[in-house]
Amino acid sequence: MNNKTASTVIYGVTDRRDIPWHEKLNDFLIDNTPLPAKEKSLFFNSLKLLVGSGIRVSQAIKMLSERARSERLQRVLATIHYDINERGMPLSSAMSKYPDFFNESEIKMIYSAEITGKLEEVLSYLAVQMDKNLKLSMQIKSAMVYPITVFGVIILSGFAMMIFVVPKFKEMFASLGAELPWETRALIATSEFVQSSWWILLTILVAAALFFKNWKDSPEGKIQWHKILLDTPIVSKFVRNFSTIQIATNFATLLEAGIPVSKAMQVLRQIVDNKVISEEIYSVEQRIVAGDQLSEGFKESPEIDPIIGEVIEIGEKSGAITEILQKTGTQYQLQFDADIKNLSKMLSPVILVIVSVAVIFMGLAILKPIFALQDAFTGA
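Going by our numbering, the letters in the sequence shown line up with residues 43 to 422, in that order.
As structure tokens, then:
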């Protein structure tokens, strides 16, 4: 068994059994560190450049392992290099040992590239996709800053009202002996519950969040959740348009890289994020196997945007499927980028309604008994 050289750990090779406990703890923390999206994008971009310049894959992986910022990535790449160089494993097999780093679609594409001899083209494609995904993630996070901030302020303000403001009004109303309307009674009851049983509320919220996460991550729950997203106003538009972009651009690139339609469909199914639409792609696969044309298979799908089937049909007649799919993906991407920028404006009416309802309810709960008392004094 090889010993550790320099600071590099090779999984399954480097002996780490007799190290001090603090190093074992450090190993545990490193080995459970997720790969940041930026580092993954940098890895594929760098690997594309090195392989494109004529450097062997194993040597390129070794060079990248030595330059990796993340120690976890350094260990993974060092092990991949060892598996390729010492064990004779292909890159796809070596990468498949790390599903938390490299997803199934990426591994399948690398495998297809190894068969077709188009590794450089596929690495270029993966690098572009990583950049696009990173850009999209940043756009969505930027667009969600405003609504999340507003909702956060509303929730914090609500808790502050329940803890500091409502109790004072409760004392005032109690001293006057007034009969309180249902809005005020509900507000006071909520305030009392928040003050006396906040831990129950916190426990319920945490339990609900954990249950939702486990349900959403389960195979059945994921499909149900993705179905809900497809049926939810505003959200549905983004999900469907993004799925159309994924299908058009990825399918075009896969075909352009020389990957057969059947294999490209399998990879495409793994790439598309929404599982409902992913299942529809599988149905299209089955129709093609049964003898349907590619365009007919897509056009008969109830969940996939009809534009995909239409442009593929035009491409089948003109012999330019990849070009027309790429143009369609680009057009949808431009529209999607514009919609993301306008997301805050689209959510503004929803936020306004929620804030208005909360303000009106609070206003009625506090002002109605005051006006009732004023009328009583005036009458007296």
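In this text, a Cβ means the ideal position worked out from N, Cα and C, and glycines have one as well. Note that this is a predicted model, so its numbers are computed, not measured.
Requested in this report: To the nearest angstrom, report how far apart residue 328 and residue 310 are at their CA atoms.
Outcome: Position 286 of the sequence shown, counted from the first residue, corresponds to residue 328. Position 268 of the sequence shown, counted from the first residue, corresponds to residue 310. Using only the alpha carbons, I get a separation of about 14 Å.
Query - Nearest candidate by alpha-carbon position, reference residue 407, set 195, 208 and 194 - result: Taking the first residue of the sequence shown as 1, we reach residue 407 at position 365. Residue 208 is the option with its Cα nearest to residue 407.
Query raised in the report: Sorted by chain position, which residues of the same chain lie with C-beta nearer than 8 Å to residue 68's C-beta, five sequence neighbours on each side aside?
Result: Start at 1 with the first residue of the sequence shown, and residue 68 comes out as number 26. Taken in chain order, the list of residues that qualify is empty.
Query - Unbroken alpha helix (DSSP H) run spanning residue 188, endpoints - result: As a first step, residue 188 is located in the sequence shown; it is residue number 146 there, counting from the start. Looking at the DSSP string, the run of the alpha helix (DSSP H) that includes residue 188 is 161-202.
Requested in this report: Using three-state DSSP, classify residue 237 as helix, strand or coil.
Outcome: As a first step, residue 237 is located in the sequence shown; it is residue number 195 there, counting from the start. In the three-state reduction of the DSSP assignment, residue 237 falls in the helix class.
Requested in this report: Let me know the alpha helix (DSSP H) ranges lying completely inside the segment 237-276, each 4 residues or longer, listed in chain order.
Outcome: Counting only runs that start and end inside the segment 237-276, the alpha helix (DSSP H) elements of at least 4 residues fall at 240-259 and 261-273.
Query raised in the report: If you run the structure through DSSP and keep just helix, strand and coil, what is residue 368?
Result: Counting from one through the sequence shown, the residue named residue 368 turns up at place 326. Three-state DSSP puts residue 368 in a helix.
Query raised in the report: Does the segment 124-137 come close enough to the segment 145-156 that 3 or more CB-CB pairs lie under 8 Å?
Result: yes
Query raised in the report: Going by beta carbon distance, what residues of the same chain come within less than 6 Å of residue 163, once the five residues before and after it are set aside?
Result: As a first step, residue 163 must be located in the sequence shown, where it is residue number 121. Excluding residues within five positions, the ones whose Cβ falls inside 6 Å are 299.
**Report entry** Alpha carbon of residue 273 to alpha carbon of residue 197, nearest angstrom
**Finding:** Counting from 1 along the sequence shown, the entry for residue 273 is found at position 231. Counting from 1 along the sequence shown, the entry for residue 197 is found at position 155. Distance between the alpha carbons of residue 273 and residue 197 is about 27 Å.
Query - Residue from 104, 400 and 180 whose Cα sits closest to the Cα of residue 78 - result: Sequence index remark: in the sequence shown, residue 78 carries index 36 (1-based). Here the closest residue by C-alpha is 180.
**Report entry** Cα-Cα separation, residue 306 to residue 392
**Finding:** Within the sequence shown, numbered from 1, the residue matching residue 306 stands at position 264. Within the sequence shown, numbered from 1, the residue matching residue 392 stands at position 350. Cα-Cα distance, rounded: 40 Å.
Requested in this report: Return the chain-ordered list of same chain residues with a C-beta closer than 6 Å to the C-beta of residue 268, the five sequence neighbours on each side being excluded.
Outcome: Within the sequence shown, residue 268 is the residue found at index 226, counting from 1. Correct list, in chain order: 316, 317 and 318.
Query raised in the report: Unbroken alpha helix (DSSP H) runs of length 4 or more, entirely within the segment 283-352: which are they?
Result: 303-313, 317-331 and 336-341
Report task. Starting from residue 109, trace the alpha helix (DSSP H) both ways and give me its first and last residue. Result -> For the purposes of this step, residue 109 is identified with residue 67 of the sequence shown, where counting begins at 1. Its alpha helix (DSSP H) spans residues 99-109.
Query raised in the report: Hey, would you say residue 204 sits closer than 9 Å to residue 236, going by beta carbons?
Result: On the sequence shown, residue 204 is found 162 positions in, with the first residue counted as 1. On the sequence shown, residue 236 is found 194 positions in, with the first residue counted as 1. Yes, the pair counts as a contact, with Cβ atoms nearer than the cut-off.
Query raised in the report: For the putative contact between residue 322 and residue 343, defined by C-beta atoms under 8 Å, what is the C-beta separation to the nearest angstrom?
Result: Here residue 322 corresponds to residue number 280 of the sequence shown, with the count starting at 1. Here residue 343 corresponds to residue number 301 of the sequence shown, with the count starting at 1. Contact flag correct, Cβ pair sits at about 5 Å.
Report task. State whether the segment 82-89 contacts the segment 181-188, with contact taken as three or more CB pairs (one from each stretch) at a distance under 8 Å. Result -> Between the segment 82-89 and the segment 181-188 there are fewer than three inter-stretch CB-CB distances shorter than 8 Å, so the stretches are not counted as touching.
Query raised in the report: Between residue 123 and residue 105, what straight-line distance do the alpha-carbon atoms span, to the nearest angstrom?
Result: Along the sequence shown, read from residue 1 onward, the residue named residue 123 stands at position 81. Along the sequence shown, read from residue 1 onward, the residue named residue 105 stands at position 63. When rounded, the distance between both Cα atoms is 9 Å.
Query raised in the report: How many angstroms separate the CA atom of residue 312 from the CA atom of residue 142?
Result: By 1-based counting over the sequence shown, the position of residue 312 is 270. By 1-based counting over the sequence shown, the position of residue 142 is 100. Residue 312 and residue 142: Cα-Cα distance of roughly 15 Å.
**Report entry** Proximity below 9 Å, CB of residue 334 to CB of residue 283
**Finding:** Numbered from its first residue, the sequence shown carries residue 334 at position 292. Numbered from its first residue, the sequence shown carries residue 283 at position 241. The answer is no: Cβ separation not under 9 Å.
Query raised in the report: CA-CA distance, residue 294 and residue 119?
Result: One-based indexing of the sequence shown puts residue 294 at position 252. One-based indexing of the sequence shown puts residue 119 at position 77. So the alpha carbons of these two residues sit roughly 30 Å apart.
Requested in this report: Would you kindly report the start and end of the unbroken alpha helix (DSSP H) that includes residue 70?
Outcome: Taking the sequence shown and counting its residues from 1, one reaches residue 70 at position 28. Where residue 70 is concerned, the enclosing alpha helix (DSSP H) stretches over 63-73.
Report task. Measuring alpha carbon to alpha carbon, tell me which of 53, 144, 222 and 216 ends up nearest residue 414. Result -> To locate residue 414, count along the sequence shown from 1; it is residue 372. When only C-alpha atoms are compared, the closest one is 222.
Query raised in the report: Pairing CB atoms from the segment 165-178 with CB atoms from the segment 87-101, are three or more of them under 8 Å?
Result: The segment 165-178 vs the segment 87-101: in contact.
Report task. State yes or no: is the C-beta of residue 350 within less than 9 Å of the C-beta of residue 289? Result -> Here residue 350 is taken as the residue at index 308 of the sequence shown, counted from 1. Here residue 289 is taken as the residue at index 247 of the sequence shown, counted from 1. For residue 350 and residue 289, yes; Cβs fall inside 9 Å.
Query raised in the report: Are residue 388 and residue 276 touching if we call contact CB-CB under 9 Å?
Result: If you number the sequence shown from 1, residue 388 lands on position 346. If you number the sequence shown from 1, residue 276 lands on position 234. Cβ atoms of residue 388 and residue 276: closer than 9 Å.
Query raised in the report: What residue does the alpha helix (DSSP H) around residue 148 start on, and which one ends it?
Result: As a working note, residue 148 is residue 106 in the sequence shown. Residue 148 -> alpha helix (DSSP H) spans 146-158.
**Report entry** Continuous alpha helix (DSSP H) stretch holding residue 56: start and end
**Finding:** As a working note, residue 56 is residue 14 in the sequence shown. Careful: residue 56 lies outside any alpha helix (DSSP H) and carries neither H nor E.
Query raised in the report: Which term fits residue 340, buried or exposed, when burial requires 16 or more other beta carbons within 10 angstroms of its beta carbon?
Result: Within the sequence shown, the letter at position 298 stands for residue 340. With 16 or more Cβ atoms within 10 Å of its Cβ, residue 340 is classed as buried.
Requested in this report: Pull up the distance between the alpha-carbon of residue 326 and that of residue 320, whole angstroms please.
Outcome: One-based indexing of the sequence shown puts residue 326 at position 284. One-based indexing of the sequence shown puts residue 320 at position 278. Looking at the two C-alpha atoms, the distance is approximately 10 Å.
Requested in this report: Please go through the same chain and pick out, in chain order, the residues whose beta-carbon is closer than 6 Å to the beta-carbon of residue 257, but skip the five residues on each side of it.
Outcome: Stepping through the sequence shown from its first residue, residue 257 is reached at position 215. Contacts found: 263.
Query raised in the report: Does residue 238 come within less than 9 Å of chain D when only Cβ atoms are used?
Result: Checking the listed chains, one finds no chain D in this structure; it contains a single protein chain.
Query raised in the report: Do the CB positions of residue 271 and residue 281 come within less than 9 Å of each other?
Result: In the sequence shown, counting from the first residue as 1, residue 271 sits at position 229. In the sequence shown, counting from the first residue as 1, residue 281 sits at position 239. Cβ distance < 9 Å, so residue 271 and residue 281 count as in contact.
**Report entry** Three-state class that DSSP yields for residue 136 in the structure shown
**Finding:** Within the sequence shown, numbered from 1, the residue matching residue 136 stands at position 94. Of the three classes helix, strand and coil, the one that applies to residue 136 here is helix, per DSSP.
Query raised in the report: Among 260, 192, 238 and 101, which has the Cα closest to the Cα of residue 390?
Result: Indexing the sequence shown from 1 puts residue 390 at position 348. The option with the nearest alpha carbon to residue 390 is 192.
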